[in-house]
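Each remark here refers to the structure printed beneath this line.
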Ligand SMILES: Nc1ncnc2c1ncn2[C@@H]1O[C@H](COP(=O)(O)OP(=O)(O)OP(=O)(O)O)[C@@H](O)[C@H]1O
Ligand SMILES: [Mg+2]
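Chains as they are written, first to last, in my numbering: chain V, 1 to 302; chain L, 303 to 568.
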């Protein structure tokens, strides 16, 4: 088993946000020297259908995710977000490239990586007839936690997400989708993952539940030492929560920056409105000419 | 916490989880018991209609202990299928648990579950037919059940990969394996009635030795010491089949992770 050695940094915090985005100013420092995730030239292909057509789901992706940051991954449907997350969580093998999580190679040190990660998927993956309590205890034991401690912790987390203790005993199938998603998040947090992979955690939630979950993710960032990778189709959410965002298009990272940086980029180079929507439209559009031009104009600094 | 203790704890996660599932699906468990009792009775009644007490016992034992072996087999063979259906497969495979710890937990639960289930069916049939089990040798029976379980766990683990590799049809293949084993293993008739080539297969089926050994233990009260000929093939098969099953499972898991067969939605 591996313990993650937390790197203490003494330098002053780097202001990452403008005053307008004050609410999301980081209270902790990001450590670039010991990144949470390093991905280099990661590629994954699937062979699909009777004609054995090859689909390039993730194409030569290289990333460096800092410790303690919330790293957003945006992209159209089928752009490879979930595949990238599955690759990081050892649920898929890499065709090419390599990934390190807190310095552990995900292929050679699979167990060490599994110990420090957890993933929440779009669909709440539970034994539906079992109660939240039974599901959580199962999870706790898989991760070698003490069942009693885990139970107390689960009650605390779920209370924070607005789910009362008395609901913990009834089958999960009696809960709404939003509630199930909250239980899924609680389950992931129970194991105190150093790297939390959230694949569309708020998709399908009502506005209030969505806010609950988002506020909770912010709280996590501010109070825990988790590094979070978040995919979402909610651009406001991405802007609000993420320190940096990568946009995937056809499996490749087309751009990566802070939300402010991205907005400024589309405004300056493409004359678009400085919104996340323009960012999304610009970088996931079918025509990549704009992007090529953008790369060229990169050099002239004004 | 030592590594061993940690792995055992993880194994226990599967035992406890399966116990909770059995509890929550209790209606289904009752239905399954009724189904098993009815099936065993229906076959055993052939013995009564023939007026042969010996045939009756042969059939009762065949039905009950085949039921046990197939329960253990199915339980393990369906673990993957079950989790895929629930949608928890990725979650379980992502956990920091070694595959042997997971399969050990499943196997322990399968055996305990199978024993309880079988004891109930045996009890009902004993009452129904007023069976006289006074000179049965239970040590022999338990030995064969234990050894037979090992082989069936091995085959079960290997069969569990079918749903991993063939997402749609894998589960049906599990039934095919089961029915072939039933056919060749002399569960309801001596294997001597089978054509020669089938008898060859019979000799590599662990069920053949289990059913034969249990029959001798129950009907003739034969002690284990006189059944070495049935025991060594079972020991050998257990030693071969469990590691083979684990190896197959490991290969299939890697294949599934390479080709994206675990899951693709989301
Ligand atoms: N297990 C799989 N088997 C075959 N093809 C797959 C598999 N998983 C993903 N793909 C394909 O890879 C591509 C990327 O899919 P992925 O699920 O990663 O996209 P996504 O960005 O998460 O999309 P969405 O926004 O819809 O969730 C798609 O073309 C998809 O069809
Ligand atoms: Mg997805």
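All C-beta atoms in this analysis are idealised placements derived from N, C-alpha and C, irrespective of residue type, glycine included.
Quick one: does residue i have its CB under 8 Å from some CB of chain V?
{"i": "residue 469/L", "result": "no"}
{"i": "residue 319/L", "result": "yes"}
{"i": "residue 398/L", "result": "yes"}
{"i": "residue 466/L", "result": "no"}
{"i": "residue 390/L", "result": "yes"}
{"i": "residue 327/L", "result": "yes"}
{"i": "residue 517/L", "result": "no"}
{"i": "residue 347/L", "result": "no"}
{"i": "residue 561/L", "result": "yes"}
{"i": "residue 556/L", "result": "yes"}
{"i": "residue 550/L", "result": "no"}
Could you spell out where the alpha helix (DSSP H) holding residue i opens and where it closes?
{"i": "residue 393/L", "result": "391 to 396"}
{"i": "residue 48/V", "result": "Counting along the chain, residue 48/V falls outside any alpha helix (DSSP H), though it belongs to the beta strand (DSSP E) covering 37 to 48."}
{"i": "residue 504/L", "result": "498 to 505"}
{"i": "residue 447/L", "result": "440 to 462"}
{"i": "residue 471/L", "result": "Run containing residue 471/L: none; DSSP gives neither H nor E here."}
{"i": "residue 408/L", "result": "401 to 431"}
{"i": "residue 158/V", "result": "147 to 160"}
{"i": "residue 97/V", "result": "Premise fails: residue 97/V lies in the beta strand (DSSP E), 96 to 101, not in any alpha helix (DSSP H)."}
{"i": "residue 231/V", "result": "Residue 231/V -> not in any alpha helix (DSSP H); beta strand (DSSP E) instead, spanning 227 to 231."}
{"i": "residue 222/V", "result": "207 to 223"}
I'd like to know if residue i contacts chain L, where contact means its C-beta is closer than 8 Å to some C-beta of that chain.
{"i": "residue 4/V", "result": "Interpretation of residue 4/V is limited by its pLDDT of 41, a score under 50 that renders its predicted location unreliable; the figure taken from the coordinates is listed afterwards. So, not an interface residue."}
{"i": "residue 23/V", "result": "Confidence in residue 23/V is poor, its pLDDT being 37 and thus under 50, which makes the residue's placement unreliable; the coordinate value appears in the next sentence. Not one chain L Cβ lies under 8 Å of residue 23/V."}
{"i": "residue 193/V", "result": "no"}
{"i": "residue 134/V", "result": "yes"}
{"i": "residue 148/V", "result": "no"}
{"i": "residue 102/V", "result": "no"}
{"i": "residue 189/V", "result": "no"}
{"i": "residue 20/V", "result": "The predicted position of residue 20/V is uncertain, since its pLDDT is 37 and thus under 50; a value taken from the coordinates is nonetheless stated next. It does not: the Cβ of residue 20/V has no partner Cβ on chain L nearer than 8 Å."}
{"i": "residue 89/V", "result": "yes"}
{"i": "residue 196/V", "result": "no"}
{"i": "residue 283/V", "result": "no"}
{"i": "residue 185/V", "result": "no"}
{"i": "residue 157/V", "result": "no"}
{"i": "residue 138/V", "result": "yes"}
{"i": "residue 27/V", "result": "Legend: pLDDT at residue 27/V = 39, less than 50; position of this residue unreliable, value from coordinates given subsequently. By this cut-off, residue 27/V is not an interface position."}
Within the continuous beta strand (DSSP E) that includes residue i, where are the two ends?
{"i": "residue 71/V", "result": "70 to 75"}
{"i": "residue 196/V", "result": "195 to 199"}
{"i": "residue 57/V", "result": "53 to 65"}
{"i": "residue 532/L", "result": "Residue 532/L -> not in any beta strand (DSSP E); alpha helix (DSSP H) instead, spanning 530 to 561."}
Would you mind telling me which residues of chain V sit closer than 9 Å to residue i, beta carbon to beta carbon, in chain order?
{"i": "residue 295/L", "result": "Past the edges of chain L, shown from 303 to 568, lies residue 295/L, and the structure says nothing about it."}
Determine the closest residue to residue i out of the options, with distance taken between C-alpha atoms.
{"i": "residue 482/L", "options": "421/L, 466/L, 457/L, 465/L", "result": "457/L"}
{"i": "residue 158/V", "options": "101/V, 216/V, 102/V", "result": "216/V"}
{"i": "residue 440/L", "options": "518/L, 530/L, 503/L, 539/L", "result": "518/L"}
{"i": "residue 94/V", "options": "320/L, 560/L, 509/L", "result": "560/L"}
{"i": "residue 160/V", "options": "130/V, 149/V, 212/V, 112/V", "result": "212/V"}
{"i": "residue 325/L", "options": "148/V, 52/V, 134/V, 187/V", "result": "134/V"}
{"i": "residue 532/L", "options": "411/L, 382/L, 505/L", "result": "505/L"}
{"i": "residue 72/V", "options": "231/V, 41/V, 125/V", "result": "231/V"}
{"i": "residue 347/L", "options": "333/L, 330/L, 337/L, 365/L", "result": "365/L"}
{"i": "residue 462/L", "options": "409/L, 446/L, 512/L, 449/L", "result": "409/L"}
{"i": "residue 474/L", "options": "524/L, 544/L, 380/L, 432/L", "result": "380/L"}
{"i": "residue 234/V", "options": "218/V, 277/V, 153/V", "result": "277/V"}
{"i": "residue 382/L", "options": "469/L, 398/L, 433/L, 437/L", "result": "469/L"}
{"i": "residue 250/V", "options": "41/V, 55/V, 38/V", "result": "55/V"}
Could you list which residues in chain L have their beta carbon closer than 8 Å to that of residue i, in chain order?
{"i": "residue 144/V", "result": "303, 308, 311, 312, 398"}
{"i": "residue 115/V", "result": "398"}
{"i": "residue 171/V", "result": "326"}
{"i": "residue 47/V", "result": "561"}
Could you name the residues of chain L that residue i contacts, counting a contact when the two beta carbons are closer than 7 Å?
{"i": "residue 125/V", "result": "389, 390, 392, 393"}
{"i": "residue 111/V", "result": "398"}
{"i": "residue 248/V", "result": "Result: empty, since nearest Cβ-Cβ is about 15 Å, beyond 7 Å."}
{"i": "residue 167/V", "result": "Within chain L, no residue comes near residue 167/V; the closest Cβ sits about 16 Å away, beyond 7 Å."}
Check the Cβ of residue i against every Cβ in chain V and list those closer than 8 Å, keeping chain order.
{"i": "residue 553/L", "result": "What residue 553/L touches in chain V: nothing, since even the nearest Cβ is about 13 Å away."}
Please compile the residues from chain V whose C-beta is within a distance smaller than 7 Å of the C-beta of residue i.
{"i": "residue 322/L", "result": "130, 134"}
Report the neighbours of residue i on chain B: residues whose CB is nearer than 7 Å to its CB, in chain order.
{"i": "residue 92/V", "result": "Note that chain B does not occur in the displayed structure, where the protein chains are V and L."}
Show which residues of chain L have a CB atom less than 9 Å away from the CB atom of residue i.
{"i": "residue 119/V", "result": "392, 393, 396"}
Any heavy atom of ligand 4 closer than 7 Å to the CB of residue i?
{"i": "residue 176/V", "result": "This structure lacks ligand 4; its bound ligands are ligand 1 and ligand 2."}
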